[in-house]
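Enquirer:
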Amino acid sequence: MAKHKKGGFAAIVTSDKFAQAVFLFPAYLIFTVLFFIPVLTSVYYSFTDWNGITTQTNWVWFKNYADMFRNPDIFSTIPVTIYYAVLNSVTLIFVAFFVALTLNRKSRITTVLRISFFMPMLVSGIIVGFLFKEFYSPVISDGNMGTLNRLLTSLGLGGLTQNWLGNKSTVIMMIVITGVWNQVGQTALIYLANMQSIPKELYEAAIIDGAGYWRQTYHITWKLISPSLRINLILLIINSLKTYDMIALLTGGGPGTASKVINLWIVERSIGGYEVGLGCAMSMVVTIFAFALVTVTQKLLTKRGADI
Amino acid sequence: MKITGKKIKKSAVTLLMIPVIVIMVFPLYLLVTNSFKTIREFYANPLSLPSRLYLDNFKYVLEKQKYFSLLLNNVIIVFGSIALLVLFGAMAGYVLGRSRGRVMRILYSYVVLGITLPTYTMLLPQLKLIVGMGLKNTYIGIILYYVASGMPMAIFLFNGFFSTAPKDLEEAAKLDGCSLYRAFFQIFFPLSVATIATLVLIQSISIWNDTTMPVLLLQAKKRTLMPTLQNFYGRMMGQGTRWERIYADAVLCMLPMIVLFFASNRFLIQGVSEGALKG
Numbered sequence: 122m123a124k125h126k127k128g129g130f131a132a133i134v135t136s137d138k139f140a141q142a143v144f145l146f147p148a149y150l151i152f153t154v155l156f157f158i159p160v161l162t163s164v165y166y167s168f169t170d171w172n173g174i175t176t177q178t179n180w181v182w183f184k185n186y187a188d189m190f191r192n193p194d195i196f197s198t199i200p201v202t203i204y205y206a207v208l209n210s211v212t213l214i215f216v217a218f219f220v221a222l223t224l225n226r227k228s229r230i231t232t233v234l235r236i237s238f239f240m241p242m243l244v245s246g247i248i249v250g251f252l253f254k255e256f257y258s259p260v261i262s263d264g265n266m267g268t269l270n271r272l273l274t275s276l277g278l279g280g281l282t283q284n285w286l287g288n289k290s291t292v293i294m295m296i297v298i299t300g301v302w303n304q305v306g307q308t309a310l311i312y313l314a315n316m317q318s319i320p321k322e323l324y325e326a327a328i329i330d331g332a333g334y335w336r337q338t339y340h341i342t343w344k345l346i347s348p349s350l351r352i353n354l355i356l357l358i359i360n361s362l363k364t365y366d367m368i369a370l371l372t373g374g375g376p377g378t379a380s381k382v383i384n385l386w387i388v389e390r391s392i393g394g395y396e397v398g399l400g401c402a403m404s405m406v407v408t409i410f411a412f413a414l415v416t417v418t419q420k421l422l423t424k425r426g427a428d429i
Numbered sequence: 005m006k007i008t009g010k011k012i013k014k015s016a017v018t019l020l021m022i023p024v025i026v027i028m029v030f031p032l033y034l035l036v037t038n039s040f041k042t043i044r045e046f047y048a049n050p051l052s053l054p055s056r057l058y059l060d061n062f063k064y065v066l067e068k069q070k071y072f073s074l075l076l077n078n079v080i081i082v083f084g085s086i087a088l089l090v091l092f093g094a095m096a097g098y099v100l101g102r103s104r105g106r107v108m109r110i111l112y113s114y115v116v117l118g119i120t121l122p123t124y125t126m127l128l129p130q131l132k133l134i135v136g137m138g139l140k141n142t143y144i145g146i147i148l149y150y151v152a153s154g155m156p157m158a159i160f161l162f163n164g165f166f167s168t169a170p171k172d173l174e175e176a177a178k179l180d181g182c183s184l185y186r187a188f189f190q191i192f193f194p195l196s197v198a199t200i201a202t203l204v205l206i207q208s209i210s211i212w213n214d215t216t217m218p219v220l221l222l223q224a225k226k227r228t229l230m231p232t233l234q235n236f237y238g239r240m241m242g243q244g245t246r247w248e249r250i251y252a253d254a255v256l257c258m259l260p261m262i263v264l265f266f267a268s269n270r271f272l273i274q275g276v277s278e279g280a281l282k283g
């Protein structure tokens with residue numbers, strides 16, 4: 122390494138340790154101030170009665186947490202959130218895998234396919250929300266049906282028309298289907314990047330052994346995509362728990378509270394209802410819950426890795 | 005004989021994919037075609053192509069929505085956030101990815117664990133902090149918020165990329181007497197184009213589409229397109245459910261992202277595989 126003769130200050134500035142610190146500093150400063158400290162204060166607020174406006178707050182211990190579990194309206198959002206997050210993640214994990222498999226095959230329409238799968242991820246939650254609200258609606262105005270019911274009628278399937286988002290037992294399913302359309306591209310993209318890094322020789326060896334396409338897919342592709350499966354699971358769980366815009370516009374939590382996920386409630390109470398302390402307590406529960414789900418799935422994946 | 009069988013099979017798969025493409029594109033088809041119709045035409049048949057090039061919806065939106073000044077706000081905020089995020093994220097990711105040791109591992113986990121937090125958790129504390137720093141209703145306040153929110157993903161991707169970049173490059177740079185600064189800016193940073201493109205696309209989408217922070221932090225004049233679209237939607241629902249106008253506004257709000265998508269599309273797969281999967 123070339124050594125320069127320089128005075129004390131210049132020597133420090135050009136040393137590797139100092140340069141490393143310079144490189145790390147801006148990122149860590151911004152992250153710590155605007156991400157990490159808010160996480161800590163959020164924990165703090167969850168034990169207070171802060172309303173979001175006044176500077177004076179009272180320490181109330183576990184009152185917010187107790188209120189939350191005592192209030193049946195609040196409590197009912199927990200199973201809805203779990204059901205939605207799990208159904209959404211599981212569906213996307215598998216659907217996106219098959220999408221990525223298809224995109225990984227070379228054919229004349231690969232480019233068109235790719236664009237048609239990746240485009241929907243640009244569409245924002247609120248646009249997805251109102252676009253599909255119209256699409257699923259039974260009656261939009263003056264007795265006109267929503268587009269899906271019209272489509273079914275014009276295909277001669279008038280018997281299938283219904284109030285798609287008005288049915289308590291299927292509303293979450295409809296939201297998941299909408300979400301799959303919106304998010305499948307991103308999930309498939311991560312799989313696809315992984316698939317393209319699997320060595321071609323593995324497949325060639327399998328072909329010599331006489332393995333067909335599906336056996337190759339199961340024994341090679343599916344077993345070698347652990348890294349992307351891991352990332353996809355984390356991102357899907359977190360994104361499912363973060364979903365707000367789409368559900369707020371599609372159903373607003375209805376019918377009744379059938380699609381009222383925790384976030385709708387948090388925003389309604391803490392931003393609309395000035396009960397920030399309570400909102401923070403609820404957020405803590407979501408966070409602990411997200412952490413638990415992520416940890417469990419990662420443990421399961423590690424086990425899966427060990428089996429191979 | 006075998007080859008033709010294979011070819012037939014391949015064409016069959018291709019044919020099967022056509023309905024899938026139709027389903028994926030259909031919602032966007034509805035959004036775009038219906039924005040060129042009158043409300044009467046929309047109700048008469050939402051599935052058809054517009055009968056003529058009817059532009060009044062777009063004219064209406066451009067008149068009522070101050071589209072271009074909102075667009076400028078969006079561009080300033082997205083561009084500022086992404087520039088800082090890419091620069092700071094790459095710098096930190098470079099140091100983390102090129103060095104070993106316990107301290108670096110802890111520093112890495114400290115930020116990347118942030119990916120597993122649903123951001124609604126700290127929205128209001130973040131808001132309070134930014135307001136407390138005197139940055140309410142400023143671009144810099146919201147930009148710093150987006151940089152902080154995007155940092156876990158940025159460091160995750162850059163760390164992954166730089167930890168696999170060839171070792172010899174660094175040694176060559178050191179032999180030439182290159183400082184860490186020059187090695188990064190002249191050799192390593194330009195190498196990470198695909199990771200940059202991936203990060204730019206993913207983060208731009210989420211910043212562009214955010215409807216929460218701009219409403220809480222910025223006054224009407226400095227707001228962005230998506231929250232204003234949400235208000236417009238509410239207004240148009242009140243004025244006789246004018247879907248055609250809502251759709252026209254939605255198309256205009258999405259347009260710049262579509263351009264960005266086609267510009268960064270070809271880097272995408274490479275970027276994800278270099279950044280996210282080798283780390």
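Residue numbers (the working numbering), protein chains in the order written: chain A, 122 to 429; chain B, 5 to 283.
Think of the CB as a built atom: it goes at the ideal place given N, C-alpha and C, for glycine as much as any other residue.
Scan the stretch 41-92 of chain B and note each continuous alpha helix (DSSP H) run of 4 residues or more that stays entirely inside, going in chain order.
Expert: Those alpha helix (DSSP H) runs which fall completely within the stretch 41-92 of chain B and span 4+ residues are 43-48 and 60-69.
Enquirer: So Tyr185 of chain B contacts chain A; which residues on that side make the cut at Cβ distance below 9 Å?
Expert: Within chain A, the residues near Tyr185 of chain B are Thr135, Ala140, Val143 and Phe144.
Enquirer: By DSSP, does Asn185 of chain A sit in helix, in strand, or in coil?
Expert: In this structure, Asn185 of chain A counts as helix in the three-state DSSP scheme.
Enquirer: Strictly by DSSP, which residues pair up with Trp180 of chain A?
Expert: Looking at the DSSP assignment, Trp180 of chain A forms a beta bridge with A:Thr169.
Enquirer: Consider the Cβ of Thr120 of chain B: report whether some Cβ of chain A lies at a distance smaller than 8 Å.
Expert: Interface residue, yes.
Enquirer: Do Ala198 of chain B and Gln274 of chain B have their CB atoms nearer than 8 Å?
Expert: The answer is yes: Cβ separation under 8 Å.
Enquirer: What whole-angstrom Cβ distance do Phe152 of chain A and Met155 of chain B have, given they're in contact under 8 Å?
Expert: That pair is a contact at about 5 Å.
Enquirer: Quick one: using the 10 Å Cβ neighbour count with 16 as the cut-off for buried, is Gln190 of chain B buried or exposed?
Expert: Counting Cβ neighbours within 10 Å, Gln190 of chain B comes out exposed, since fewer than 16 surround it.
Enquirer: Do the stretch 402-416 of chain A and the stretch 312-328 of chain A make contact, defined as three or more Cβ pairs closer than 8 Å?
Expert: In short, these stretches do not touch, since the Cβ pair count stays below three.
Enquirer: Out of curiosity, what's the CA-to-CA distance linking Ile134 of chain B and Gly181 of chain B?
Expert: Straight-line Cα distance between these residues: approximately 43 Å.
Enquirer: May I have the straight-line CA-CA distance separating Ser391 of chain A from Gly398 of chain A, to the nearest angstrom?
Expert: If you take the alpha carbons of Ser391 of chain A and Gly398 of chain A, they lie about 8 Å apart.
Enquirer: Secondary structure at Val260 of chain A, three-state DSSP: helix, strand or coil?
Expert: DSSP places Val260 of chain A in strand when its eight states are reduced to three.
Enquirer: Using a Cβ-Cβ cut-off of less than 8 Å, give me the residues of the stretch 180-210 of chain A that come near chain B, in sequence order.
Expert: Answer in chain order: no residues at all.
Enquirer: Considering only DSSP beta bridges, list what Met266 of chain A is partnered with.
Expert: Note: Met266 of chain A sits in a beta bridge opposite A:Val260.
Enquirer: Excluding the 5 residues flanking Phe139 of chain A on each side, which residues of the same chain have their C-beta closer than 6 Å to its C-beta?
Expert: So the list reads Ile133, once near-sequence residues are dropped.
Enquirer: Would you please state the rounded distance, in angstroms, between the beta carbons of Leu100 of chain B and Leu155 of chain A? I believe it to be under 8 Å.
Expert: Between Leu155 of chain A and Leu100 of chain B the Cβ distance is about 20 Å, and since that is not below 8 Å, they are no contact.
Enquirer: Is the Cβ of Ala411 of chain A closer than 8 Å to any Cβ of chain B?
Expert: With 8 Å as the cut-off, Ala411 of chain A counts as an interface residue toward chain B.
Enquirer: Less than 8 Å between CB atoms is the rule here; does Leu32 of chain B satisfy it with respect to chain A?
Expert: Judged by the 8 Å Cβ criterion, Leu32 of chain B is in contact with chain A.
Enquirer: Please report whether the beta-carbon of Tyr64 of chain B lies at a distance below 8 Å from any beta-carbon of chain A.
Expert: No, Tyr64 of chain B lies away from the interface with chain A (no Cβ there is under 8 Å from its Cβ).
Enquirer: Under 9 Å between beta-carbons, which chain B residues line up against Met240 of chain A? List them in chain order, please.
Expert: Here the neighbours are Met28, Val29, Leu32, Ile262 and Phe265.
Enquirer: Which first and last residues belong to the alpha helix (DSSP H) in which Glu175 of chain B is found?
Expert: Looking at the DSSP string, the run of the alpha helix (DSSP H) that includes Glu175 of chain B is Lys171 to Leu179.
Enquirer: Please say whether Leu371 of chain A and Ile209 of chain B have beta carbons closer to each other than 8 Å?
Expert: Cβ distance not < 8 Å, so Ile209 of chain B and Leu371 of chain A don't count as in contact.
Enquirer: Using the Cα positions of Ser163 of chain A and Lys227 of chain A, report the straight-line distance between them to the nearest angstrom.
Expert: Going from the Cα of Ser163 of chain A to the Cα of Lys227 of chain A covers about 49 Å.
Enquirer: How far does the alpha helix (DSSP H) with Pro348 of chain A in it extend, from its first residue to its last?
Expert: Here the alpha helix (DSSP H) through Pro348 of chain A covers Ser347 to Lys363.
Enquirer: Can you name, in chain order, every residue of its own chain whose Cβ lies under 7 Å from the Cβ of Ala187 of chain B, other than the five neighbours on each side?
Expert: Excluding residues within five positions, the ones whose Cβ falls inside 7 Å are Glu174 and Ala177.
Enquirer: Ser167 of chain B lies in the alpha helix (DSSP H); which residues open and close that run?
Expert: Here the alpha helix (DSSP H) through Ser167 of chain B covers Tyr143 to Thr168.
Enquirer: Can you pull the chain A neighbours of Gln234 of chain B, defined as C-beta to C-beta under 7 Å?
Expert: In chain order: Ile247.
Enquirer: May I have the straight-line CA-CA distance separating Ile328 of chain A from Lys14 of chain B, to the nearest angstrom?
Expert: C-alpha separation (whole angstroms): 17 Å.
Enquirer: Assign Gly145 of chain B to buried or exposed, taking buried as 16 or more other Cβ atoms, counted over all protein chains shown, within 10 Å of its Cβ.
Expert: Buried: at least 16 other Cβ atoms inside 10 Å.
Enquirer: If you measure beta-carbon to beta-carbon, which residues of the stretch 392-403 of chain A are closer than 8 Å to chain B?
Expert: Listed in sequence order: Ile392, Val397, Gly400 and Cys401.
Enquirer: Phe216 of chain A CB to nearest chain B CB: under 8 Å?
Expert: The amino acid at residue 216 of chain A is misidentified as Phe; the sequence shows Val. By this cut-off, Val216 of chain A is not an interface position.
Enquirer: Quick check on this structure: which residue in B:Ala169, B:Asn163, B:Ser39 and B:Leu161 has the alpha carbon closest to the alpha carbon of Arg56 of chain B?
Expert: If we check each option's Cα against that of Arg56 of chain B, B:Ser39 comes out closest.
Enquirer: What whole-angstrom Cβ distance do Phe284 of chain B and Gly93 of chain B have, given they're in contact under 8 Å?
Expert: Any question about residue 284 of chain B goes unanswered here, given that chain B covers just 5 to 283.
Enquirer: Does DSSP put Cys182 of chain B in a helix, a strand or coil?
Expert: Correct three-state label for Cys182 of chain B: coil.
Enquirer: Can you confirm whether Asn172 of chain A, when its beta carbon is compared against all beta carbons of chain B, has any partner nearer than 8 Å?
Expert: Answer no: the Cβ-Cβ gap between Asn172 of chain A and chain B never drops below 8 Å.
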